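Protein chains: 2
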Amino acid sequence: MMLLNLVGESGPDGASLAELVAASTLEKPTVRRLLMALIRGGLVEQDDKTRRYHLGVDCYILGTLATPRHGLVDMAADAVARLAAASGDTAFVTMRRGSAAVCLHREEGAYQIRTHALTVGAQHPLGVGAGSLAMLAALPDAELDAVIAENASRLSESYPGLEPKILRAEVATTRVRGYALNAGRIVAGSWGIGVALRWSDGTVAGALSLAAIESRMQPPRDAELAALLASEAATVETRMSRGLNRAN
Amino acid sequence: MMLLNLVGESGPDGASLAELVAASTLEKPTVRRLLMALIRGGLVEQDDKTRRYHLGVDCYILGTLATPRHGLVDMAADAVARLAAASGDTAFVTMRRGSAAVCLHREEGAYQIRTHALTVGAQHPLGVGAGSLAMLAALPDAELDAVIAENASRLSESYPGLEPKILRAEVATTRVRGYALNAGRIVAGSWGIGVALRWSDGTVAGALSLAAIESRMQPPRDAELAALLASEAATVETRMSRGLNRAN
DNA sequence: TGGTTGGGTCCACACTATGAACCATGCGAT
DNA sequence: ATCGCATGGTTCATAGTGTGGACCCAACCA
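So, in structure tokens, the structure goes:
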């Protein structure tokens, strides 16, 4: 499942065997054998020419069958389109995946300078990035602690300037402010604003966010964008509760 | 992966442990352990109250990430909607999954009598059902033989009246006729018409189909519906080739 | 109260995954 | 032409992990 996930993260060009070995904690023969098993099951496929591994049809099939329960992107697609159109910047749907956030949908606006700091499939610990931070801040305190604890080592190692302590401070200001702001903390100059999305039972599902260069996120524009996000989020959330998808 | 698939097939109400044990060839402790592993990985989730198992968020995430490569339903959604609206009957998107066909999308028309012979998530051997038969007939002969051989035992056991020999005859007439017709072979009185969909490289991706009661599939209406299907299939196929999704 | 059904777990045992070492192939440089 | 070096892929003794019959428990119903 770790491998499946890595293949998913690898984007439209897929992943090579070597890349997967490097990204996983497994040895080459093991990776290869597991990939063969995934291929047999249809969850992964290998391009005959390039020898690279991609997600298989069965992933798509299972995903489609899981849509009635979890289909956030469908419910948010038009909201994201409106956000991108209205702002001219790039809009995203991010979803929670345990203690990480996955970017599932990206819609570019018309403005000529576009940040590519966040691409579809990318995963970061909760709190890293605007949408991701919005989700983290939306969690109940117990869960927040658990998530931060789980991510602690990865944060300190791979995300300098986003150590647990700083993250907690960010969460606090996010909660007061009402929306999450990423002031170029991951890629310098690439700013973002995000708001969380919840299922009708209150659990955090994902987030809507906007990204742009620093100059386009200064007051008073930042507040305007945040208002835009909040209104679209409300729209999406009513839709999420209407389709009474989830029993639990 | 077999279990994952079974959970997927089980529809929106999920599956109980006992059902999964029965449907799989595994023993109860094994099923339970594998399910726990799938739950750990986020591919499956268990409803705390009902104790039933459902597809998890990660299935949806992987499915979304696989959409650029395999996203048939998105490409066919509006065509299916038009089919259902124009015919008043129920329209389907089916996809190939090895030697089986999976129903991924179902759109009901306005007509008051609706067949529920095919529901989303249902899987049958290739050749069983209109869309499924359309796919089988669209395969090159070598592949057709392989598929029929693989399904032989299941066909004879579970689908009386659709033994390999009869299926081959059906394929022949389908190829001549240009579209697949299921004259109530699975559920008496429930008829269907289907046409195959191909990727731009010629490989069979899935099918579009319509289902209705027998009386609504008699000449000349059957031919009219087939024409409708063919034209929508053409639309979908041009869209499939435009998004040059697949390298291989 | 007693029987039945379904969910979930234990642990001796058998089988299966593991990875260091190895082979094969494609490609750029000399 | 030939070498060197990535990168993809495979082998096989060994360590370790999954397997399932038997069992427990709770809920439900007569």
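In the order they appear, the protein sequences are chains A and B.
Just so you know, we're using our numbering here: the first sequence kicks off at 9 and counts up by one.
Just so you know, we're using our numbering here: the second sequence kicks off at 9 and counts up by one.
Every residue gets a Cβ at the ideal spot worked out from N, C-alpha and C, and that includes glycine.
All figures in this text were calculated on a predicted structure; none of them were measured in a lab.
Query                                                                                                                                                                         : Result
Cβ of ARG247/A less than 9 Å from any chain B Cβ?                                                                                                                             : no
Report the start-end ranges of each alpha helix (DSSP H) in the region 116-165 of chain B that is 4 residues or longer and not cut off at the edges.                          : 138-146
Using only the alpha-carbon positions, how far apart do ALA109/B and THR33/B sit?                                                                                             : 21 Å
Output needed for ALA125/B: all residues of its chain with C-beta closer than 7 Å, excluding positions within five of it in sequence on either side, in chain order.          : ILE194, VAL195, SER198, ALA219
Would LEU70/A pass as a contact of GLY16/A if the rule is Cβ separation under 9 Å?                                                                                            : no
Among GLN120/B, ARG183/B, ASP153/B, SER18/B, whose alpha-carbon lies nearest the alpha-carbon of LYS173/B?                                                                    : ASP153/B
Exposed or buried, what is ARG60/B when buried is set at 16 or more other beta-carbons lying within 10 Å of its beta-carbon?                                                  : buried
Considering THR243/A, what are the terminal residues of the alpha helix (DSSP H) in which it resides?                                                                         : 229-250
For the beta strand (DSSP E) containing GLY202/B, name the first residue and the last one.                                                                                    : 198-206
So which of VAL29/B, LEU91/B, ALA93/B, GLY192/B has the shortest CA-CA distance to MET10/B?                                                                                   : VAL29/B
May I have the straight-line CA-CA distance separating ALA180/A from GLY50/A, to the nearest angstrom?                                                                        : 44 Å
Going by the beta-carbon positions, is the gap between GLY202/A and GLY139/A smaller than 9 Å?                                                                                : yes
Using DSSP with H/G/I as helix, E/B as strand and the rest coil, what is ARG254/B?                                                                                            : Below a pLDDT of 50, predicted positions are generally treated as unreliable, and ARG254/B, at 46, falls in that range; no measurement from the model is reported.
What would DSSP say about SER95/B, mapped onto helix, strand or coil?                                                                                                         : helix
Measuring only the C-alpha atoms, how far is GLY22/A from SER107/B?                                                                                                           : 25 Å
If you draw a straight line from the alpha carbon of GLU116/B to that of LEU141/B, how long is it in whole angstroms?                                                         : 21 Å
Return the bridge partner residues of GLY106/A from the DSSP annotation.                                                                                                      : DSSP lists no partner for GLY106/A.
Residues in the same chain with beta-carbon distance under 7 Å from GLU53/A, minus the five sequence neighbours each way, listed in chain order, please.                      : ILE47, HIS62, GLY64
Please determine if the region 94-104 of chain A and the region 202-217 of chain A are in contact, where contact requires at least 3 C-beta pairs separated by less than 8 Å. : yes
Is ILE221/B helix, strand or coil by DSSP?                                                                                                                                    : strand
Which residue or residues does DSSP assign as beta-bridge partners of LEU189/A?                                                                                               : ILE201/A
Following the continuous beta strand (DSSP E) through VAL2/A, name the residue where it begins and the one where it ends.                                                     : In the structure displayed, chain A extends from 9 to 256; residue 2/A sits before or after that span and is not available.
If I measure Cβ to Cβ from ALA255/B and keep anything under 8 Å in the same chain, skipping five residues before and after, which residues do I get?                          : With a pLDDT of only 39 at ALA255/B, under 50, the local geometry of the prediction cannot be trusted, and no value is derived from it.
Check each candidate in GLY135/B, THR123/B, VAL39/B and name the one with the smallest Cα separation from SER223/B.                                                           : THR123/B
Give the secondary structure of ARG40/A by DSSP, where H, G and I count as helix, E and B as strand, and everything else as coil.                                             : helix
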